[in-house]
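Shown next, in structure tokens, is the structure this report addresses.
In our numbering, the protein residues as written are -1 to 161.
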């Protein structure tokens, strides 16, 4: 029988609790069902391999250890990948691109999909879209500026409503 190891973590009340490694690695325990369903719905906009990972993990209940073994990666790598995927899909920037991409010119829309929705770097997006780095950078800067403008206007409305 394998040795059971545990990790300690601090709860919201400040108490220390111990969990087994299998539980410590399970991100689903930190998420509510509605949040998980929301992320699975948004996963439809991810590339097929990433979408499948999110669906297997959140919808079908596969563990990170099982997914790591199936893909031939260490569990730590799979955990990091899943955390990055979930963080990206749950981000406000992801939501912003989903809400506004239909009104953007084709080039900007393609860059936003490649970089924000699919998580590609500037260089990878340029190569995938067969455009220059300059073009990708400019479109990405435009998307970021639009997002920042919306965030600032949302914050100012929140502050005005508080007074």
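Heads up, the beta-carbon is just placed ideally off N, CA and C, and yes, glycines get one too.
query                                                                                                                                                                                            : result
When burial is assigned at 16 or more other CB atoms within 10 Å of the CB, is residue 58 buried or exposed?                                                                                     : exposed
Identify, in the order they occur along the chain, each residue of the same chain with its Cβ nearer than 8 Å to the Cβ of residue 230, setting aside the five sequence neighbours on each side. : Outside the shown range of the chain, which is -1 to 161, sits residue 230, and nothing can be said about it.
Near residue 0, which residues of its chain fall below 8 Å by C-beta distance, leaving aside the five closest residues on each side in sequence?                                                 : The predicted position of residue 0 is uncertain, since its pLDDT is 46 and thus under 50; no value can be drawn from it.
Any contact of the stretch 33 to 43 with the stretch 62 to 78, i.e. 3+ C-beta pairs under 8 Å?                                                                                                   : no
Excluding five sequence neighbours on each side, which residues of the same chain lie with their C-beta closer than 7 Å to the C-beta of residue 145?                                            : 91 and 94
Check the C-beta distance from residue 115 over to residue 44 and give it rounded, since I have them as a contact under 8 Å.                                                                     : 7 Å
Would you mind working out which of 147, 30, 105 and 84 sits nearest residue 131, comparing C-alpha positions?                                                                                   : 105
Which runs of the alpha helix (DSSP H), 4 residues or longer, sit entirely within the stretch 66 to 103?                                                                                         : 73 to 87 and 90 to 98
Compare the C-alpha of residue 33 against each of 121, 52 and 48 and name the closest.                                                                                                           : 52
In this structure, how does DSSP classify residue 22 when only helix, strand and coil are distinguished?                                                                                         : Confidence is the limiting factor: at residue 22 the pLDDT is only 45, short of 50, which leaves the residue's position unreliable, though a coordinate-based value still follows. Reduced to three states, the DSSP call for residue 22 is helix.
How should residue 62 be labelled, buried or exposed, when 16 other C-beta atoms within 10 angstroms of its C-beta is the threshold for buried?                                                  : buried
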